[in-house]
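Have a look at the structure below before the remarks.
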Amino acid sequence: MSWIKQKLSLGQWNVGLFEFQDGHESPLPTTDIKWIQHNYHNSCFADPFIYRVNENTVELFVEQIFFWHRNAQLAKLIVDRQSGLLLQCTPLLQLDTHLSYPFIIQQDNRTYVMPENVASGQLNLYEYDHQSDKLHYIQPIINIPLADATIIEHNNLYYLFATKKGTDNSDLYIWVSDNIFSNYQLLSDKPFKSNLKGSRMAGAFWRQGDRLFRPAQDCSNGYGKGILIYEVTELSPQRYTEQLVYSLYPSDQYYNAGMHTLNFQHGIGVIDGYRIKFNPLMKLAKKLSK
Numbered sequence: 012m013s014w015i016k017q018k019l020s021l022g023q024w025n026v027g028l029f030e031f032q033d034g035h036e037s038p039l040p041t042t043d044i045k046w047i048q049h050n051y052h053n054s055c056f057a058d059p060f061i062y063r064v065n066e067n068t069v070e071l072f073v074e075q076i077f078f079w080h081r082n083a084q085l086a087k088l089i090v091d092r093q094s095g096l097l098l099q100c101t102p103l104l105q106l107d108t109h110l111s112y113p114f115i116i117q118q119d120n121r122t123y124v125m126p127e128n129v130a131s132g133q134l135n136l137y138e139y140d141h142q143s144d145k146l147h148y149i150q151p152i153i154n155i156p157l158a159d160a161t162i163i164e165h166n167n168l169y170y171l172f173a174t175k176k177g178t179d180n181s182d183l184y185i186w187v188s189d190n191i192f193s194n195y196q197l198l199s200d201k202p203f204k205s206n207l208k209g210s211r212m213a214g215a216f217w218r219q220g221d222r223l224f225r226p227a228q229d230c231s232n233g234y235g236k237g238i239l240i241y242e243v244t245e246l247s248p249q250r251y252t253e254q255l256v257y258s259l260y261p262s263d264q265y266y267n268a269g270m271h272t273l274n275f276q277h278g279i280g281v282i283d284g285y286r287i288k289f290n291p292l293m294k295l296a297k298k299l300s301k
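If you're matching positions, the sequence shown starts at 12 in our numbering and goes up one per residue.
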């Protein structure tokens, strides 16, 4: 890409859908990804988590990034499963600080969201009200600014995986509790992994039979350049081990510059992709807005 073209280009994220067979050895996208089709020219979408899978639609909680605003908000998308057409976009949570990674917890017929909001100085819990389509603040979970915090239940304990502000892309820490929403204790003062490759979370854990998998970002050549899948081989308050089993890097002709979130539910997978698009008018509008 020439210097002039690079200066007049804009980075854009988008969310894509793909289908997979439950129980398949690898639920990673092996077929064409259906990238969401939308008419939002002032924003883009990333960090998809699946709220609900219906016969004809998928409902997602995502990060909505505005090109000329510093801070992103959380939104709910309703997407047609067959075409990838965005049918509805509803704001879920807007703050004066940046929001992303709307990790979903569904428990006792209620839906909670634990978004990243590093600027708040803590990890907060919200509850989703389906009647108002809004997130309502409940309580802090940990009084530490964490990036891409993700909880997994294992052997009647809850483990929270995250990176900390300042080492967001490189240092993975683990906390444990017997209560999903409180009383988390740090397992070790030292990070379990200190590496730009495979530390920062890239979505929820998932199980295939007795196997447990953790998606992580490859930030070794820049933020969110690819996704690494680790199989968890041991997880207890005394020890955590894992081994790399899959690597996923952009191969799509449209979104070929990065990916950093991957999630599954009921035969549907969601992923995000990044591209650098030549768009001088939008780039100018972004510059003028600062």
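Cβ atoms here follow ideal geometry from the backbone N, Cα and C, with glycine treated the same way.
{"Asked": "Collapsed DSSP secondary structure at Ser258 in the structure displayed", "Found": "strand"}
{"Asked": "Ile162 beta carbon less than 9 Å from that of Lys175", "Found": "no"}
{"Asked": "Opposing strand residues paired with Gln196 [DSSP bridges]", "Found": "Val187"}
{"Asked": "Cβ-heavy atom distance, Asn206 to the ligand NAD, below 8 Å", "Found": "This structure simply doesn't include the ligand NAD, nor any ligand for that matter."}
{"Asked": "Three-state class that DSSP yields for Ala158 in the structure shown", "Found": "strand"}
{"Asked": "Element boundaries [beta strand (DSSP E), containing Cys230]", "Found": "Segment: none, Cys230 is in no beta strand (DSSP E) and carries neither H nor E."}
{"Asked": "The beta strand (DSSP E) enclosing Lys145, as first and last residue numbers", "Found": "Lys145 to Ile153"}
{"Asked": "Three-state secondary structure (DSSP) of Val26", "Found": "strand"}
{"Asked": "Sequence-distant residues of its chain with Cβ nearer than 6 Å to Ala248 (five each side left out)", "Found": "Checking the sequence, you will find Pro at residue 248 rather than Ala. Cβ within range, chain order: Val187."}
{"Asked": "Beta carbon of Phe60 nearer than 9 Å to that of Ala86", "Found": "no"}
{"Asked": "Per-residue DSSP class, three states only, for Ala57", "Found": "strand"}
{"Asked": "Buried/exposed call for His271, threshold 16 Cβ in 10 Å", "Found": "buried"}
{"Asked": "Residue range of the beta strand (DSSP E) that includes Ile116", "Found": "Ser111 to Gln118"}
{"Asked": "Nearest neighbour of Tyr62, chosen from Ile44, Ile115 and Trp24 [CA to CA]", "Found": "Ile115"}
{"Asked": "Top-ranked residue by Cα proximity to Glu138, from Ile47, Leu171 and Pro113", "Found": "Pro113"}
{"Asked": "Where Asn65 falls, given that 16 or more other Cβ within 10 Å makes a residue buried", "Found": "exposed"}
{"Asked": "Per-residue DSSP class, three states only, for Ser205", "Found": "strand"}
{"Asked": "Coil, strand or helix - Ala268 by DSSP", "Found": "coil"}
{"Asked": "Exposure label - Met150; buried when at least 16 CB within 10 Å", "Found": "It should be pointed out that residue 150 corresponds to Gln in this sequence rather than to Met. When all chains shown are included, Gln150 counts as exposed."}
{"Asked": "Burial state of Asp182 (16 or more Cβ within 10 Å)", "Found": "buried"}
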